[in-house]
Amino acid sequence: MADICELLGIKYPIIQGGMAWIADSSLAAAVSNGGGLGVIAAGNAGADWVRDEIRRTRQLTDRPFGVNVMLMSPYADAVMEMLYSEKTAAVITGAGNPGKYIAKLKEAGIRVLPVVASVALAVRVARSGADAVIAEGQEAGGHIGELTTMALTPQVADAVEIPVVAAGGIGDGRGVAAAFMLGAGGVQVGTLFLVAEECTVSGPYKEMIIKAKDTDTIVTGRSTGHPVRLLKNRFAKEILKLEAGGISSAEFEERCSGTLQAAAKNGDMLYGSVMSGQIAGLIKKERKAAEIIEELFSEARKIYEDRNNICRSGRSVSGDRAQLI
Ligand code: TUI
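In our numbering, the protein residues as written are 1 to 325.
What follows is the structure, encoded as structure tokens:
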């Protein structure tokens, strides 16, 4: 099976999550320069903005990088058309089925990695020619599916022959090691990179992530069929109350419109939508993207070495931990 690093031309098998209104050329270039695959998030932006960011990224790095195309965006078709000629190393898709774009992306020499939240979609995109799939569990921030990373990853790994990248709930080297144990050949990480020094998200957003604890995320939008994980604040609580009262989808969309931008760009932590994964409680400080990547993989490597000791001796390396065999 293809290796994620070989497939993408990167040093570490890590892809940066495509965070709308947040992941721009600054973060993408920093992640790529740090040995991962940096990603520009198209979100709901038009093709011109994405093209400008691609060109800026090319000035900041010689390494491969990708673009995340959010398929619910009204500009998804236009962004794809632009990508066929800009030819970034990879395109990651989210929030839908990218089937109709895959052949043309591949003809342009672009690697295609759809985010999937079910085995059914993983199998469908693999048949359509996807190069790898990103199995994203509901621990992730933003728009999510139903299954957890722990349940989804091995089922997707069993169902397709292409490499699987695990996403959702990966917050340190233990998460990386666990993802590999579940059959993944790489990880996608979003929330951790929110606090990268090179991430241009508003200061208050970073502070709120750093202060968050394990139970601070909630999921809005279940009633409308578009669940979104975000940090609890006045906006999220009000939306949940409105949903319990039977708000219509149209009214819901109206209330949510512009709130991600308000949090990410203007630092509105009361009425903004502060999207975050469940691992926010593991994040303690701002660091360079390259440092985040190095630490993830040095921790994961260490766990692998310890694990070999555990399995051989039947005793935990640190003595007081539970025995595995
Ligand atoms: O796309 C994401 N996460 C996102 S997109 C986003 S932008 C946004 N802004 C405001 C409101 C809502 C979204 C924020 N976060 N993750 C990838 C992802 N894709 N997660 C789950 C899925 C998914 C779910 C169902 C992909 C495909 C799918 O099924 C489609 C089908 O047709 O079967």
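A virtual CB, placed ideally from N, CA and C, is assigned to each residue, including glycine. Keep in mind that this is a model prediction, so the values were computed, not measured.
Check: With 9 angstroms as the threshold, decide whether the Cβ of Gly281 is near any Cβ in chain B.; Outcome: Among the protein chains of the structure shown there is no chain B, as only one such chain exists.
Check: Mind the definition here: the segment 203-210 touches the segment 174-190 only if three or more C-beta pairs lie below 8 angstroms; say whether that holds.; Outcome: no
Check: With the cut-off set at 9 angstroms, would you say Phe327 and Ala41 are in Cβ contact?; Outcome: A question about residue 327 goes unanswered here, because the residues of the chain that appear run from 1 up to 325.
Check: Could you give the distance in angstroms between the alpha-carbon of Ala159 and the alpha-carbon of Val119?; Outcome: 7 angstroms
Check: Between Glu136 and the ligand TUI, is the CB less than 8 angstroms from at least one heavy atom?; Outcome: yes
Check: Can you tell me where the alpha helix (DSSP H) holding Asn33 begins and where it ends?; Outcome: Ser25 to Asn33
Check: Cα separation between Asp129 and Lys241?; Outcome: Inspection of the sequence shows that residue 129 is occupied by Gly rather than by Asp. Computed Cα separation, rounded: 43 angstroms.
Check: The alpha helix (DSSP H) with Glu136 in it runs from where to where?; Outcome: Counting along the chain, Glu136 falls outside any alpha helix (DSSP H), though it belongs to the beta strand (DSSP E) covering Val133 to Glu136.
Check: Given a cut-off of 9 angstroms, decide if Pro227 and Thr220 are closer than it, judged by their beta-carbon atoms.; Outcome: yes
Check: With a cut-off of 8 angstroms on the beta carbons, I'd call Leu147 and Gly137 a contact; round off their distance for me.; Outcome: 6 angstroms
Check: Examine the Cβ distances between the segment 165-182 and the segment 268-275 and report whether three or more of them are shorter than 8 angstroms.; Outcome: no
Check: What separation, rounded to the nearest whole angstrom, lies between the Cα atoms of Ile209 and Asp24?; Outcome: 19 angstroms
Check: Compute the distance between the beta-carbons of Thr93 and Pro114, then report whether it is under 9 angstroms.; Outcome: yes
Check: By DSSP, does Asn68 sit in helix, in strand, or in coil?; Outcome: strand
Check: Tell me whether Gly277 counts as near the ligand TUI, meaning its Cβ is closer than 8 angstroms to at least one heavy atom of that ligand.; Outcome: no
Check: Determine the closest residue to Gln261 out of Val133, Val201, Met82 and Gly281, with distance taken between C-alpha atoms.; Outcome: Val201
Check: Taking only the alpha-carbon atoms, compute the straight-line gap between Ile239 and Ala45 and give it to the nearest angstrom.; Outcome: 24 angstroms
Check: Any idea if Leu270 is buried or exposed, counting beta-carbon neighbours within 10 angstroms, 16 or more meaning buried?; Outcome: exposed
Check: Would you list the one or two residues that DSSP bridges to Gln188?; Outcome: Ile15 and Ala167
Check: The alpha helix (DSSP H) that contains Arg174, what's its start and end?; Outcome: Gly173 to Met181
Check: Please state if the CB of Ala89 and the CB of Leu194 are separated by a distance shorter than 9 angstroms.; Outcome: no
Check: Helix, strand or coil for Pro114, going by three-state DSSP, please let me know.; Outcome: strand
Check: In the structure shown, what three-state DSSP assignment does Lys222 receive?; Outcome: Looking at the sequence itself, residue 222 is Arg, so the reference to Lys does not match. Arg222: helix per DSSP, three-state reduction.
Check: Apart from the five residues on each side of it in sequence, which residues of its chain come closer than 7 angstroms, Cβ to Cβ, to Arg56?; Outcome: Ser25
Check: Tell me where the beta strand (DSSP E) around Leu231 begins and ends.; Outcome: Val228 to Leu231
Check: Indicate the three-state DSSP secondary structure (helix, strand or coil) for Ala90 in the structure shown.; Outcome: strand
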